[in-house]
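Residue numbers (my numbering), protein chains in the order written: chain A, 4 to 306; chain B, -18 to 231. All residues carry an ideal CB built from backbone N, CA and C; glycine is no exception. Bear in mind the structure is a predicted one, so any value in this text is a computation, not a measurement.
Take a look at the structure:
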């Protein structure tokens, strides 16, 4: 059951926070309640956290929470198929909850279901070659047909092929947006976004109406990595955002899967292999990693 | 059965290289000393407050707060996350430990004057939580479980942030002739680990090394810490090397 006052209090806190928003998520998750943070009864075990708590208490008032309640309700009234979930809601995505820099709240259009936790992010360059697009589409279709949710960023190029391929496979796909939930970037993908909402979900960590600012995309990439068990990089040059996406996934302790052709072509991919990424050749390779990652062994051996 | 390597290697990216001995690196914990000092402030305190400190500390990784490694190291035992997450984090934490110990047994033993007979851990300062999560994690790996023995219990004196004490822990038995590797999950000031090391040594043990999984660094503490942290972040972490020698024979 979603508690609107808690949600409003969280938005008031993030608005007031001088620190990155994921540090606010840490504080409220620790306290178990946003109101506890606002009322000054929450504690942090670090000095930095204690200072941030004090600052948040100083900067927020009950009137701000009331104002956020009406803002949320007015906003959602205009977006009837959109919901707001926060890190304190049980609906918050399981994979995303595991990463340290998760956003404190998300707007969701469409449905997120438990099965979406068995997911792979398929990412790559916006300036994709016809071969790269074909490969992304084929892979996404094959994964979707095996019940894997395909996560991507709704951008041009590889992202578009990944979402389309998953839909063609009759499966589910989740688009992590670099804009507000009610915008589409690029605008050409508006029809694709509608189909994703019907067969998966669109999610955004930004307030509705937010335009595609350059600073949004690195934050969007964090969530794309976070939503999935692992990230497959299809085609990406050393300068592309997809390489950054692979680095984020490695820093999250998530699996990074590099297509064999990419590793043969790109020097950065060879470097990433030494940093824990795995080279894959087939859908079966990816499924094997996914299933191993989702099972928690009770016993381990050295070799 | 799953091997620790299968879990640890993909976690390479959440680890940060611990420097080998050189200027600007604490001789004991490999943290960041003040300018012109060989040993950091925390180690200076901790080692002077106990009778028999251990001068060999071999952290597996550095970390800052917040970070992914910090999230795993904190929430595998915090009780703030549901059991499914806690178990998963615990498997990751112990895989990093076991894989590192497997790769670096020889360098740790050589630097510590010989192989250890037993591994032990620092008891939890909150006795109400029962068995420490690190002990539970260690039990998951047969090869570690065989070497593990609880050798310490909480003592009569408190241990604080910069307050190490010989009587913070007591050995459960006499340990003459026993060589011990002391494992801990995190190392901040060393007050806890050095208190435990001293208690073991007072009971007659030889503490081969203190092996923390993560050594916390606060880059915003001062310019030295910031430079130190940025330098270490630029060095890609590898399980093939440890802070005892820059290129490890394996």
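query	result
As assigned by DSSP and simplified to three states, the class of residue 94(A)	coil
Chain A within 9 Å of residue 213(B), Cβ atoms only	no
For residue 236(A), the first and last residue of its enclosing beta strand (DSSP E)	233 to 236
Positions along the segment 97 to 112 of chain A whose CB lies within less than 9 Å of some CB in chain B	97, 100, 101, 102, 103, 104
Proximal residues to residue 149(B) (C-beta, below 6 Å), its chain only, five neighbours per side dropped	136, 138, 140, 176
When 182(B), 186(B), 12(B), 72(B) are compared against residue 146(B), the one with the closest alpha-carbon	182(B)
Cβ-Cβ distance between residue 36(B) and residue 194(B) below 9 Å	no
Minimum Cβ-Cβ distance from residue 305(A) to chain B less than 9 Å	yes
Own chain, CB closer than 6 Å to residue 136(A), minus 5 neighbours either side, in chain order	164
Neighbour flag for residue 150(B) against chain A, beta carbons, 9 Å	no
Through-space distance from residue 48(A) to residue 64(B), alpha-carbon basis	21 Å
Members of the segment 146 to 169 of chain A near chain B, C-beta cut-off 8 Å	none
Local Cβ density within 10 Å of residue 21(A), reported as buried at 16 or more and exposed below that	exposed
8 Å CB neighbourhood of residue 253(A) in its chain, flanking five on each side removed	259, 275, 278, 279, 280
Residue of 213(A), 283(A), 244(A) minimising C-alpha distance to residue 225(A)	244(A)
Residues, ordered as in the chain, of the segment 104 to 131 of chain B that lie near chain A by beta-carbon distance below 7 Å	121, 122, 123, 124
Inter-stretch contact (C-beta, 8 Å, three-pair minimum) for the segment 87 to 97 of chain B and the segment 43 to 59 of chain B	no
Distance between residue 107(B) and residue 264(A) (C-alpha atoms, nearest Å)	52 Å
Residue 93(A), buried or exposed, once every other Cβ within 10 Å from all chains shown has been counted against 16	exposed
Spatially closest choice to residue 122(B) from 74(B), 163(B), 179(B), 16(B), by CA coordinates	74(B)
The beta strand (DSSP E) enclosing residue 244(A), as first and last residue numbers	Careful: residue 244(A) lies outside any beta strand (DSSP E), inside the alpha helix (DSSP H) at 244 to 254.
Supposed close pair residue 203(A), residue 113(A) - CB separation, criterion 8 Å	6 Å
Residue 293(A) classed as buried or exposed, judged by whether at least 16 other C-beta atoms fall within 10 angstroms	buried
Same chain, Cβ closer than 6 Å to residue -7(B), five either side skipped, listed in chain order	218
Beta-carbon neighbours of residue 49(A), restricted to chain B and to distances below 8 Å	46
Coil, strand or helix - residue 230(B) by DSSP	Because the pLDDT at residue 230(B) is just 40, under 50, the model does not fix this residue reliably, and the point stays unresolved.
Of the listed residues 148(A), 133(A), 255(A), 120(A), nearest to residue 154(A) (C-alpha basis)	120(A)
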